[in-house]
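Q: In the order they appear, the protein sequences are chains A and B.
If you use full-length UniProt numbering, the first sequence corresponds to residues 1 to 239, in order.
If you use full-length UniProt numbering, the second sequence corresponds to residues 1 to 239, in order.
Virtual Cβ for every residue (Gly too), placed ideally from N, Cα, C.
Would you mind keeping the following structure in view while I ask a few things?
There are 2 protein chains.
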Amino acid sequence: MIKKFIDEESGKIVEKSVMNAITIDCVIFGFDNGSLEVLLIEHAEGISKGKWGLPGGWIKKEESIDNAAYRLLRELTGIKDLYLEQLRAFGEPSRFPLDRVITIGYYALIKKDMFNIKAGFTASDAKWYGLNEVENLIYDHNKILEYSLIRLRSKVKRAPIGFNLLPEKFTLLQLMQLYEEILGVQLDKPNFRRKILKMKLLVVLEEKQTNVSHRAAKLYMFDKERYEMLTNKGFIFEV
Amino acid sequence: MIKKFIDEESGKIVEKSVMNAITIDCVIFGFDNGSLEVLLIEHAEGISKGKWGLPGGWIKKEESIDNAAYRLLRELTGIKDLYLEQLRAFGEPSRFPLDRVITIGYYALIKKDMFNIKAGFTASDAKWYGLNEVENLIYDHNKILEYSLIRLRSKVKRAPIGFNLLPEKFTLLQLMQLYEEILGVQLDKPNFRRKILKMKLLVVLEEKQTNVSHRAAKLYMFDKERYEMLTNKGFIFEV
DNA sequence: CAAACTTATAGTTTATTTGACTACAAGGTT
DNA sequence: AACCTTGTAGTCAAATAAACTATAAGTTTG
Chain A
1 MIKKFIDEES GKIVEKSVMN AITIDCVIFG FDNGSLEVLL IEHAEGISKG
51 KWGLPGGWIK KEESIDNAAY RLLRELTGIK DLYLEQLRAF GEPSRFPLDR
101 VITIGYYALI KKDMFNIKAG FTASDAKWYG LNEVENLIYD HNKILEYSLI
151 RLRSKVKRAP IGFNLLPEKF TLLQLMQLYE EILGVQLDKP NFRRKILKMK
201 LLVVLEEKQT NVSHRAAKLY MFDKERYEML TNKGFIFEV
Chain B
1 MIKKFIDEES GKIVEKSVMN AITIDCVIFG FDNGSLEVLL IEHAEGISKG
51 KWGLPGGWIK KEESIDNAAY RLLRELTGIK DLYLEQLRAF GEPSRFPLDR
101 VITIGYYALI KKDMFNIKAG FTASDAKWYG LNEVENLIYD HNKILEYSLI
151 RLRSKVKRAP IGFNLLPEKF TLLQLMQLYE EILGVQLDKP NFRRKILKMK
201 LLVVLEEKQT NVSHRAAKLY MFDKERYEML TNKGFIFEV
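Have a look at this one:
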C-alpha cells in the first residue's frame, strides 16, 4: 500500500509504502515461592539465535491482535486460562536491526502450578527468571519488560488481577506476600487481612493448609462473580 | 516478509506474509467553557469521504510511532506543546472494510486557546465536538474514543496531566470544574482547594481575574519543576 | 511431654484523611 | 444601598489507615 506524504523540508508530496512488519511480544509473569518471575525463551533461529528474549511471534492477517497473543501463549504454554492484557506498541525504527518491525507488547499472568512449558518450534529453550536475574535481552525486550512491570504494579492495586498468579486456593499470607513482592513494600499482617476481608471478595473454605510446620492457615478462593456484582454496584477494588 | 506458521487444524507448516498496513489515530481533547471536547475531522478522500472520524494518518518507515503521532498533530494543529500518550493498538481484522489495517491509538491534551485548526490535505473540515454531541464515527473510532476517555479519567487522577487542558494561568475553580467534567463528579469547593493547595504544586500569582462580574479569583500556575522534584522524593499526585 | 518456636488471627489505640457544612469576604450589578 | 455571585477560611464528625499488643493453634526440639 502506497500513500502520499508531505515532505517537511521540500514541502512536496512524496509517495511511500506504509506496510510494516508487526510482531507480538509477551511478558509472562509467574509467582513462585514468594517471588515474581518471568518466562524467557532462547531463540532458535534468525539473527538472535542463542540469545534470550521475550516469547513472541507474528500476527496472521485474519486474526485480531489479542487472538494472536492468545495463540502464541497457547502454543508456548498450553494454557487457556490466563490473564492477558495489551501493553502498547513499541516502534522505534532502530529497535530491530534488519528491518522496520513494530511490536505490540502484552503481559500475561499465569498460575505457575498449572502448566508445562513447551519450547515450540522457534525456541530452543524456555526458562523462568527471577526479576533480578534477567540480564540483557534481545532488541528492546528489556524496555518492554520494564514497561510491563510498571503496568503490573499500577494495575494490581486497582483491579483484582493478582489472583491470576496464585493457585485456586491460597492463604491470606500468600496473597499478602504477592502484593509485597509486586509492589516492593512491607505490609502489616493484621491490617492487610482486615482490608482484604472487608471487601468481601474472598470465599473462605473449610479446608486448611496441610504439611506445614506451624498452625495451618485457612484457605480462601477469589469470588469472581461477587467481584463483578460489586463492581456493577460501583465498588472499586483498591489495595 | 514471509514467515512460517503452524496451521492449527492440519498441524502443517504454512507460509504467510506478515506485512500490515499501520495507521495512527488520535483523540484530541480540549476544554472550553467548562466542557470537555474532542477534535474530529471530516475525511476528504477514500472510502470514508464526507464522514467524520478521528484525525489520523500513516507511519513513515523511518520515524518512531510517537514521532508519527507528533507529526500528525503538528500538521493538523500547528502546536508543538501538547500532552501526548499512546493508548494501545487496535487490530480487529474487520475494523477497516477494505484491507487489514492495524491502528495505534493516541490521545492528546491541548490548551484550546493556543492554536488554530488547519484541516490539512486529507481532511475537508475539522470541528470541536462536545462529548455527547459525537455520533457515529468511521471504522472503530467510537471505540477508540471510548477507550481514550477511560484512560483519561484514570490517568488524570494519578498524574497532573489535567493542566495541559487549561491556560497557563487559571483559577482554582476552573481547575475544579475541569476535574468535575472529566470525572463526572461534583466536588466541594473548600475541600478541593485545601487538597490541591496542600500538594504545593501550584504557584500563586500576583494577578487576579479581570472582567468578571464577581469577586476576582487569584490566578495560579502549575509548577512543573516542583512536581518533578516532589515526584523524585516519592510524592504521588492523586486527586 | 513440656517448653520453645512459628505462623494465624483478634483486638486496641492513635493519627490522618475525607466529607459535609458554616461563615464571611470581596467584588460587580441593580 | 441592597443584592447577587463567587472566592476563601474555618469547624467538626465520620471514616480510614497505621502501628502495635495479645492470644490461639499448631510443630519441633530437648
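Am I right that residue 158(B) and residue 235(B) are in contact with their C-beta atoms under 8 Å? What's the rounded C-beta distance?
A: Not confirmed; about 12 Å, so no contact.
Q: If we call anything under 8 Å between Cβ atoms a contact, is residue 46(A) one with residue 37(A)?
A: Going by C-beta atoms, residue 46(A) is not nearer than 8 Å to residue 37(A).
Q: Select from 106(A), 128(A), 175(A) the residue whose C-alpha is nearest the C-alpha of residue 149(A).
A: Ranking the options by Cα distance to residue 149(A), first place goes to 106(A).
Q: Tell me which residues share the same chain as residue 16(B) and place their Cβ nearer than 6 Å to its Cβ, disregarding the 5 neighbours each side in the sequence.
A: Correct list, in chain order: 5.
Q: Cα separation between residue 1(A) and residue 100(A)?
A: Using only the alpha carbons, I get a separation of about 16 Å.
Q: From 137(A), 58(A), 103(A), pick the residue whose C-alpha is nearest to that of residue 48(A); which is it?
A: It is 137(A).
Q: Say whether chain B places a C-beta atom closer than 8 Å to the C-beta of residue 69(A).
A: No, residue 69(A) lies away from the interface with chain B (no Cβ there is under 8 Å from its Cβ).
Q: So, is the C-beta of residue 99(A) closer than 8 Å to a C-beta in chain B?
A: Interface residue, yes.
Q: Examine chain A for any beta-carbon lying closer than 8 Å to the beta-carbon of residue 37(B), and answer yes or no.
A: So no, residue 37(B) is outside the interface.
Q: Give me the Cα-Cα distance between residue 7(B) and residue 221(B), rounded to the nearest whole angstrom.
A: So the alpha carbons of these two residues sit roughly 59 Å apart.
Q: Mind checking who residue 162(B) pairs with in its DSSP beta bridge?
A: BP columns for residue 162(B) are empty, so no partner.
Q: Of all the CB atoms in chain A, is at least one closer than 8 Å to the CB of residue 64(B)?
A: Yes, residue 64(B) counts as interfacial toward chain A.
Q: Report the neighbours of residue 22(A) on chain B: residues whose CB is nearer than 9 Å to its CB, in chain order.
A: Within 9 Å Cβ-Cβ: 18, 19, 20, 22, 89, 91, 102.
Q: Suppose the cutoff is 6 Å on Cβ atoms and the five residues either side in sequence are ignored; what does the same chain contact list for residue 50(A) look like?
A: Excluding residues within five positions, none has a Cβ falling inside 6 Å.
Q: Assuming residue 57(A) contacts residue 103(A) (C-beta within less than 8 Å), just tell me the rounded distance between them.
A: That belief does not hold up - the Cβ atoms of residue 57(A) and residue 103(A) are roughly 10 Å apart, past 8 Å.
Q: For residue 112(B), list the residues DSSP reports as bridge partners.
A: According to DSSP, which records beta bridges pairwise, residue 112(B) is partnered with nothing at all.
Q: At the level of alpha carbons, what is the spacing between residue 209(A) and residue 190(A)?
A: Looking at the two C-alpha atoms, the distance is approximately 19 Å.
Q: In the DSSP output, what is residue 129(A) paired with across the bridge?
A: Its beta-bridge partners are 38(A).
Q: I want to know whether the region 167 to 175 of chain A touches the region 194 to 211 of chain A - three or more CB-CB distances under 8 Å.
A: With the cut-off at 8 Å, the region 167 to 175 of chain A and the region 194 to 211 of chain A touch.
Q: When you compare only the Cα positions, how much space is there between residue 126(B) and residue 90(B)?
A: About 23 Å.
Q: Taking 8 Å as the CB-CB limit, is residue 86(A) close to chain B?
A: So, interface residue.
Q: By the criterion of Cβ-Cβ separation under 8 Å, what are the contact partners of residue 1(B) in chain A?
A: Under the 8 Å cutoff, chain A gives 21, 99.
Q: Could you check whether the Cβ of residue 5(A) sits closer than 8 Å to any Cβ belonging to chain B?
A: Chain B contact via Cβ: present.
Q: Would residue 59(A) pass as an interface residue toward chain B - the criterion being a Cβ-Cβ separation below 8 Å?
A: So yes, residue 59(A) belongs to the interface.
Q: Pop quiz: residue 87(B) and residue 151(B) are said to be a contact at Cβ under 8 Å. What is the actual Cβ separation, rounded to whole angstroms?
A: Sure, about 6 Å apart at Cβ, within 8 Å.
Q: Just list the beta strand (DSSP E) runs in the region 134 to 187 of chain A, keeping only unbroken ones of 3 residues or longer that don't cross its boundaries, in chain order.
A: Counting whole runs of 3 or more residues, the region 134 to 187 of chain A contains no beta strand (DSSP E) stretch at all.
Q: Going by the CB atoms, is the gap between residue 113(A) and residue 160(A) shorter than 8 Å?
A: The answer is no: Cβ separation not under 8 Å.
Q: Return the first residue and the last residue of the beta strand (DSSP E) that residue 21(A) is part of.
A: From DSSP, the beta strand (DSSP E) with residue 21(A) extends over 19 to 32.
Q: What span of residues does the beta strand (DSSP E) with residue 87(B) cover, start to end?
A: Looking at the DSSP string, the run of the beta strand (DSSP E) that includes residue 87(B) is 83 to 90.
Q: For residue 231(B), which residues does DSSP report across the bridge?
A: DSSP, once it has assigned bridges, lists no residue as partnering residue 231(B).
Q: Taking all protein chains shown into account, do 16 or more other C-beta atoms lie within 10 angstroms of the C-beta of residue 98(B), making it buried, or fewer, making it exposed?
A: Result: exposed.
Q: Determine the extent of the beta strand (DSSP E) in which residue 206(B) is found, giving its start and end residues.
A: Residue 206(B) -> beta strand (DSSP E) spans 202 to 208.
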